[in-house]
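Contents: one structure, followed by commentary.
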Amino acid sequence: MIATIRASSLHGSIKAPRSKSVLQRACAAALLTGGETRLLDPGTAEDDLAAVAVIQALGAAVTKMEDGSLLISSQGINFTKSADINCGESGLSLRMFVPIVALAAASTNVNGRGSLLKRPQHFFEEVLPLLDVKVKTNNGYLPISLKGPLRPKTITIDGSLSSQFLTGLLMAYVGVGATGVSIHVNGLVSRPYIDLTLSVMEKFGLPVPVNHNYSMFTFTNNKVNDNSGSRAYKVEGDWSGASFFLVAAALSGEVTIEGINANSFQADRQILTVARLAQLNIIVNGEWVKVHHSAITPFEFDASDCPDLFPPLTALAVFAKGTSRIKGVSRLTHKESNRGSTLVEEFSKLGVMLEIEDDCLVIKGQEQLQGGIVSSRNDHRIAMALAVAGLRSVQPVVIENAEAVGKSYPSFFSHLQSLGASVSLS
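Rendered as structure tokens:
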């Protein structure tokens, strides 16, 4: 699909997409807890559907109700037959569910598609055998063959690549009732995502390990709280997706983003910190955010713990009155694309002056873009960042492979159009 964006002014309100980070964790927690879980207001992004498909492959029954909620019935991890699961293109589903799958004694094959096939999986080769799991990969890449059962032990892991590996281990340890053991973590990145994991576990009645300043997690309680076998959990709005409309409104218009929790554990809530640094005209309420067009002050921000903010922050910095610096580029290598270099290459096609210096993305602000033909590189966040920047372009911004937005925000372009943006899709 090709999306053509022309200069536009946005006005109105939208409901933020549902958080795929939250929904995927909720699917894992529902599987492990057992009984019935009703997920209220779930998303329909590709990564959401991947997580639902995984728990179905692991024996959970999932029914879509008339109100759109998902009813999940699970007997926990008790499957004894070999299984094949496919995580689609979701890095979180892969890294979280592999340790959970390893709890079973049965053999399991785990695969994915697209960019996920290019992401290294050496972590599992190094760590899971320490927990008595037999692991075989395709030279460090998918597919992965597993045979458990995983036995929790005190181990030390490297947390510098992604916090998602730790999320999977925390879930797996709790799922098998670990007690008297610890996971030591060196150099943990994206700490807010671990806060989110622990929060979801707590709300599902799972025993939460003791967090020793993110360097050690100790399991002292293996009792799952009694929820009478049934619970309801509402999926909150997604700060990652909402951040693009926050930036879009700052660039051109006035937009209210509804259904978003200002007190969320989501890492990308830090877009509010950048809004203050850039002196945006913004009103924050408990369940909504309203942004008006304003001049943008150049900013410096460390996005190491929230690397998914790099694309929307790049679009924002392009129009700042000066030079902005975003730290943490090293976190972008193993995304849907090599996101740091992709941002430089694609925004350069639009006449933007930006470069990578050490671990920083340096962007020189300007009044307008010149427009041009760019590619999402099949990266959903790149597609959305280019589209938002196109709202202040002299000539149209033509985005190839724009369908990539479906991975996290299927209604992105329709939301833009509903606010008055000139968007044509072909």
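Residue numbers 8 to 433, in this note's numbering, belong to the letters of the sequence shown in order.
All C-beta atoms, glycine included, are put in the ideal place defined by N, C-alpha and C.
Per-residue burial, residue i [other beta carbons within 10 Å of its own, 16 or more giving buried]
i      : result
VAL192 : buried
ILE267 : buried
GLY147 : exposed
ARG126 : buried
THR227 : exposed
ILE278 : buried
THR70  : exposed
LYS27  : buried
PRO136 : exposed
Alpha-carbon spacing of residue i relative to residue j, whole angstroms
i      : j      : result
LEU393 : ASP139 : 46 Å
MET223 : LEU195 : 10 Å
LEU173 : ALA109 : 14 Å
LEU261 : ASN292 : Just to set this straight, residue 261 is Glu in the shown sequence, not Leu. Cα-Cα distance, rounded: 16 Å.
ALA68  : ALA58  : 13 Å
SER20  : VAL117 : 40 Å
LEU17  : PHE130 : 44 Å
LYS371 : GLY329 : 6 Å
ARG45  : THR225 : 30 Å
THR304 : PRO150 : 46 Å
SER415 : GLY397 : 20 Å
ALA23  : LYS154 : 40 Å
LEU426 : GLY182 : 44 Å
TRP295 : GLU265 : 4 Å
Of the residues the options, the one placed nearest residue i, counting alpha carbons only
i      : options                           : result
GLU133 : ARG126, GLY121 and THR163         : THR163
PRO314 : ALA274, ILE151, ALA255 and VAL395 : ALA274
ALA52  : ILE289, SER247 and SER383         : SER247
LEU320 : GLY378, ILE264, ALA257 and GLY379 : ALA257
VAL336 : ILE289, ALA310, LEU323 and LEU361 : ALA310
THR204 : GLU374, MET360 and MET178         : MET178
PRO156 : SER114, SER80 and SER237          : SER114
LYS241 : LEU30, ALA14 and SER15            : LEU30
PRO159 : SER170, LYS141 and ALA185         : ALA185
PRO403 : SER429, VAL217, LEU368 and SER189 : SER429
PRO106 : VAL325, ALA324, LEU176 and ASP48  : LEU176
ARG238 : PHE211, GLN128 and ASN218         : PHE211
ILE201 : ASP74, LEU350, SER271 and ALA111  : SER271
Cutoff 8 Å: residue i Cβ touching any chain C Cβ
i      : result
ALA239 : Absence of chain C from the displayed structure is noted, only one protein chain being present.
According to DSSP, residues forming a beta bridge with residue i
i      : result
ASP91  : ASN116
ILE151 : VAL117 and THR144
HIS300 : Paired residue(s): none; HIS300 is not in a bridge.
ARG45  : LEU78 and ALA239
PHE226 : VAL188
GLY329 : Answer is none; GLY329 lacks a bridge partner.
ARG13  : SER429
SER20  : THR263
ILE201 : DSSP, once it has assigned bridges, lists no residue as partnering ILE201.
LEU376 : SER400
TRP295 : GLU265
Would you say the stretch 348 to 360 touches the stretch 264 to 284, given that touching needs at least three Cβ pairs under 8 Å?
Contact check between the stretch 348 to 360 and the stretch 264 to 284: fewer than three CB pairs, one atom from each, fall below 8 Å, which does not count as touching.
Are three or more beta carbon pairs between the stretch 78 to 88 and the stretch 28 to 44 nearer than 8 Å?
yes
Are the stretch 380 to 394 and the stretch 407 to 422 touching by the rule of at least three beta carbon pairs closer than 8 Å?
yes
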